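2 protein chains.
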Amino acid sequence: MTVTLADVAVRAQVSPATVSRVLNGNYPVAASTRERVLRAVDELDYVLNGPASALAAATSDLVGILVNDIADPFFGIMAGAVQSEIGGPGGRAGGERLAVVCNTGGSPERELTYLTLLQRQRAAAVVLTGGAVEDTAHAAAVATKLRKLAAAGTRVVLCGRPPAPAGTDAVALTFDNRGGGQLLTEHLIGLGHRRMGYIAGPEERTTTRHRLEGHRDALAAHGVPDDPAWTVHGRYDRRAGYEATLELLRREPGLTAVVAANDTVALGACAALRDSGLRIPDDVSVVGFDDLPFSIDAVPALTTVRLPLADAGARAGRLAMGREEAPPDGIAQIRGELMVRGSTGAPKGV
Amino acid sequence: MTVTLADVAVRAQVSPATVSRVLNGNYPVAASTRERVLRAVDELDYVLNGPASALAAATSDLVGILVNDIADPFFGIMAGAVQSEIGGPGGRAGGERLAVVCNTGGSPERELTYLTLLQRQRAAAVVLTGGAVEDTAHAAAVATKLRKLAAAGTRVVLCGRPPAPAGTDAVALTFDNRGGGQLLTEHLIGLGHRRMGYIAGPEERTTTRHRLEGHRDALAAHGVPDDPAWTVHGRYDRRAGYEATLELLRREPGLTAVVAANDTVALGACAALRDSGLRIPDDVSVVGFDDLPFSIDAVPALTTVRLPLADAGARAGRLAMGREEAPPDGIAQIRGELMVRGSTGAPKGV
DNA sequence: CCCTACATAGAAAGCGCTTGCTGCACCGTT
DNA sequence: AACGGTGCAGCAAGCGCTTTCTATGTAGGG
């Protein structure tokens with residue numbers, strides 16, 4: 001019923017082997033023969049059977065991209081950039097690759113399951129984005145999985161994620177979350193803030209920890225008091241930012257600034273402040289992290305740290321395709337850039 | 351080197367056929383045998399070879415999701431919902447399916463290429479999201495492709511997209527863009543607006559046309575003048591909204607409202623108005639479309655039409671899996687809900 | 001004019017899995 | 001006691017492609 005390689009071969013009056021070679025272009029085929037084959041392909045409207053091809057060649061053209069939340073532009077931007085580089089349609093590379101974007105929802109189990117699924121598909125490469133979960137058992141399981149993937153010829157790239165344990169020869173592009181956190185808090189300290197609330201992400205994520213550490217480093221470096229009660233953990237979403245802000249205000253009505261784990265959380269914080277009758281930045285300054293597209297449209301525009309998400313994703317894509325050399329030691333630290341905008345100002349009375 | 355079904359069979363002292371049947375669970379296998387097999391699978395850490403399985407069974411567990419822009423939450427939300435329903439890890443269904451999210455960037459060619467790629471992979475289902483391009487040649491090409499996919503057993507679902515030509519037995523979940531556009535403009539007319547600018551999306555998209563038609567229908571129905579110069583086309587992004595607004599202001603400084611093609615564009619419009627020294631909604635009212643999460647955080651919050659993106663995506667996922675009955679005629683119209691918020695008010699002097 | 005070299009095409013052996021059919025116990029019937 | 005069922009397991013034939021190895025035709029070199 002469906003057209004197969006053999007059908008094309010018959011029509012072009014050549015052997016199946018020749019058709020395969022024309023299609024793969026990795027073996028000399030006389031120009032006239034090639035043309036005949038291509039015409040037959042066209043006339044029969046032949047479409048290669050991917051699974052069969054993958055089975056015979058022991059590799060597929062699938063590239064997996066693991067993200068925590070596909071509805072979050074933070075991941076969408078990276079995923080899009082990866083995809084544009086791996087040579088899918090419209091990508092600049094030749095071979096046509098299919099990007100498989102997998103939504104883990106931040107769940108370690110799902111992450112593992114997706115890795116198995118990709119292993120099952122004999123994926124050509126896997127890109128893991130976003131922070132890792134700090135759970136020893138899980139980290140070990142992931143490392144094992146990655147090692148197996150690598151052993152099976154799947155290239156593994158971490159994008160915006162801390163390096164995997166040694167042994168996994170995965171290339172890592174990590175964001176300098178710590179440095180970014182420091183930048184932000186130093187900016188606030190420089191403006192005169194001394195009582196700053198911190199809305200952190202989920203406790204067990206590396207991203208959360210690093211950003212928070214950066215904040216604390218800055219506080220310590222400048223001798224600014226750091227009350228544990230001024231830090232609240234929550235999810236990386238608007239709602240969490242809203243609620244955490246109300247909670248912080250309850251605990252310390254005298255806060256002059258709120259440092260949010262990321263831009264989305266910061267928006268929630270802004271909403272909560274506004275609803276509490278506080279003006280930004282006159283009463284309370286707010287900072288975010290990531291510089292997602294909408295941050296500039298907040299009113300006032302959000303002071304934040306810009307992460308080059310698209311660049312990082314593109315680079316990860318190239319690394320996944322072996323089109324770019326891995327950084328020394330397989331690790332590259334990517335810095336963020338402080339974007340000072342309207343949501344921060346000097347505290348009242350300074 | 352890699353463990354195969356045969357290895358497991360040897361270890362469990364059964365035939366490969368039995369192992370396959372245990373794994374697929376679609377054939378009676380004695381409990382004791384099953385257990386032995388499962389233990390062997392576990393001990394050997396066996397991972398099924400997807401391509402081989404797909405080849406032999408003539409179907410795969412890949413589900414394709416085509417989106418215009420993966421970095422846009424509009425699509426991210428739908429894609430995430432589809433994915434959670436198709437039974438990937440964490441999904442409620444049993445079988446483990448891999449969602450392949452394909453980023454067309456709105457390009458017809460890429461759309462076609464991706465469909466071919468999915469056809470090549472013998473995808474179990476394909477979900478197309480977002481408006482279609484109104485180009486006869488392209489539409490015909492897509493229809494042909496969809497027909498072939500369907501013939502090959504791939505289920506096709508359109509989500510937020512107008513129904514495909516008859517013959518393609520694709521189920522369509524379409525958004526009532528026209529009705530939504532009408533709602534918005536009627537709301538403005540009701541507030542007293544008479545000079546409204548309209549920032550439309552790219553000309554050739556169905557979504558663009560339908561929303562614009564809704565707007566014009568409302569104008570006509572209420573006898574409000576409709577100057578063609580008050581409509582500007584642009585892309586569906588913030589930048590386009592910003593520039594289009596400046597252009598509209600240049601053409602007609604007396605505008606009292608700006609109707610944007612979607613929320614993202616509306617944000618750009620707000621920024622342009624603000625930068626022009628105009629207050630929202632005191633000087634100019636603004637409305638968007640879609641009600642993306644960030645719309646409520648705009649200041650003032652955006653009046654818009656809420657589209658149940660997550661619900662629609664989930665439903666599309668279920669349809670793609672054959673877990674939900676198709677609507678009569680294979681078409682379901684999904685209405686939007688008017689969300690009146692702070693960005694609209696009566697024009698000055700009313 | 002024969003021999004070696006090169007360029008191309010073909011034959012055929014899998015790749016690892018699924019599945020229709022067959023085989024064989026064991027059981028309840030007549 | 002012979003027989004048809006029924007429940008499980010195995011055999012073996014592919015699924016459609018890639019790729020190694022071999023065969024052939026042609027062109028040059030001696």
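So the protein lines, in turn, are chains A and B.
Just so you know, we're using our numbering here: the first sequence kicks off at 1 and counts up by one.
Just so you know, we're using our numbering here: the second sequence kicks off at 351 and counts up by one.
For glycine and all other residues, C-beta sits at the position ideal for the given N, C-alpha and C.
No experiment lies behind these values; they were computed from the predicted model shown.
{"Asked": "With 16 other Cβ atoms within 10 Å as the buried cut-off, status of P225/A", "Found": "exposed"}
{"Asked": "Opposing strand residues paired with C452/B [DSSP bridges]", "Found": "L416/B"}
{"Asked": "Amino acids of chain A, ordered along the chain, whose beta-carbon sits closer than 8 angstroms to that of A449/B", "Found": "V100, V101, C102 and N103"}
{"Asked": "Residues, ordered as in the chain, of the segment 203-218 of chain A that lie near chain B by beta-carbon distance below 9 angstroms", "Found": "none"}
{"Asked": "Residue span of the alpha helix (DSSP H) that contains V358/B, given as start and end", "Found": "L355 to A362"}
{"Asked": "Identity of the residue in E393/B, G551/B, D577/B and R555/B nearest G591/B by Cα", "Found": "G551/B"}
{"Asked": "The segment 485-502 of chain B touching the segment 632-651 of chain B, judged by at least three CB pairs closer than 8 angstroms", "Found": "no"}
{"Asked": "Helix, strand or coil at D227/A [DSSP, three-state]", "Found": "coil"}
{"Asked": "Beta bridge counterpart(s) of T174/A as assigned by DSSP", "Found": "Q333/A"}
{"Asked": "Q182/A, buried or exposed, once every other Cβ within 10 Å from all chains shown has been counted against 16", "Found": "buried"}
{"Asked": "Residue-level contact to chain A via CB, A443/B, 7 angstroms cutoff", "Found": "Interpretation of A443/B is limited by its pLDDT of 41, a score under 50 that renders its predicted location unreliable; the figure taken from the coordinates is listed afterwards. It does not: the Cβ of A443/B has no partner Cβ on chain A nearer than 7 angstroms."}
{"Asked": "V369/B, DSSP secondary structure in three states", "Found": "helix"}
{"Asked": "Among T454/B, M546/B, L478/B and S410/B, the one whose alpha carbon lies nearest that of G503/B", "Found": "S410/B"}
{"Asked": "Close Cβ partners of Q363/B (< 8 angstroms) along its chain, the five nearest in sequence each way excluded", "Found": "R386"}
{"Asked": "Residues of the segment 276-295 of chain A whose Cβ lies closer than 8 angstroms to any Cβ of chain B, in chain order", "Found": "P293 and F294"}
{"Asked": "Rounded separation between L66/A and V476/B - CA only", "Found": "20 angstroms"}
{"Asked": "Three-state secondary structure assigned by DSSP to I77/A", "Found": "helix"}
{"Asked": "DSSP state of T206/A mapped onto helix, strand, coil", "Found": "helix"}
{"Asked": "Three-state secondary structure (DSSP) of G342/A", "Found": "coil"}
{"Asked": "Beta strand (DSSP E) runs contained entirely in the segment 463-534 of chain B, provided each spans 3 or more residues", "Found": "475-479, 505-509 and 521-525"}
{"Asked": "Cβ neighbour criterion (16 or more within 10 Å) applied to E423/B", "Found": "Sequence check: residue 423/B is Pro here, not Glu. P423/B is buried by the Cβ-count criterion."}
{"Asked": "Straight-line gap, R442/B to A244/A (C-alpha atoms, nearest Å)", "Found": "Below a pLDDT of 50, predicted positions are generally treated as unreliable, and R442/B, at 41, falls in that range; the measurement from the model is reported next regardless. Spanning the two alpha carbons is a distance of roughly 31 angstroms."}
{"Asked": "Opening and closing residue of the alpha helix (DSSP H) in which S635/B lies", "Found": "Premise fails: S635/B lies in the beta strand (DSSP E), S635 to V637, not in any alpha helix (DSSP H)."}
{"Asked": "Within 7 angstroms, strictly: CB atoms of D640/B and L657/B", "Found": "yes"}
{"Asked": "Where A58/A sits in the DSSP three-state scheme", "Found": "coil"}
{"Asked": "Cβ-based burial, D275/A [other Cβ within 10 Å; buried from 16]", "Found": "exposed"}
{"Asked": "Helix, strand or coil at Y46/A [DSSP, three-state]", "Found": "coil"}
{"Asked": "Closer than 9 angstroms at the beta carbon, the chain A residues around R300/B", "Found": "The structure shown has nothing for residue 300/B, since chain B only spans 351 to 700."}
{"Asked": "Of the residues R589/B, G686/B and W580/B, the one placed nearest R601/B, counting alpha carbons only", "Found": "W580/B"}
{"Asked": "Check whether G305/B and I70/A have beta carbons under 7 angstroms apart", "Found": "Residue 305/B is absent from the model: chain B starts at 351 and stops at 700."}
{"Asked": "The segment 70-88 of chain A: positions lying closer than 9 angstroms to chain B by Cβ", "Found": "I70, A71, D72, P73, F75, G76, I77, M78, A79, G80, A81, Q83, S84 and G88"}
{"Asked": "Sufficient close CB pairs (3 or more, under 8 angstroms) joining the segment 13-27 of chain A to the segment 35-52 of chain A", "Found": "yes"}
{"Asked": "Cβ of L235/A within 7 angstroms of any chain B Cβ", "Found": "The residue you asked about is not Leu; residue 235/A is Arg in the sequence shown. Not closer than 7 angstroms to any Cβ of chain B, the Cβ of R235/A fails to qualify, so no."}
{"Asked": "Range of the contiguous alpha helix (DSSP H) that encloses D242/A", "Found": "According to the sequence as given, residue 242/A is Tyr; it is not Asp. Residues R238 to R251."}
{"Asked": "Neighbourhood of I436/B by C-beta distance below 8 angstroms, restricted to the same chain and skipping five residues each side", "Found": "V413, A443, R447, A449, A475, G667, A670 and M671"}
{"Asked": "Residues that I199/A bridges to, as DSSP identifies them", "Found": "V232/A and A260/A"}
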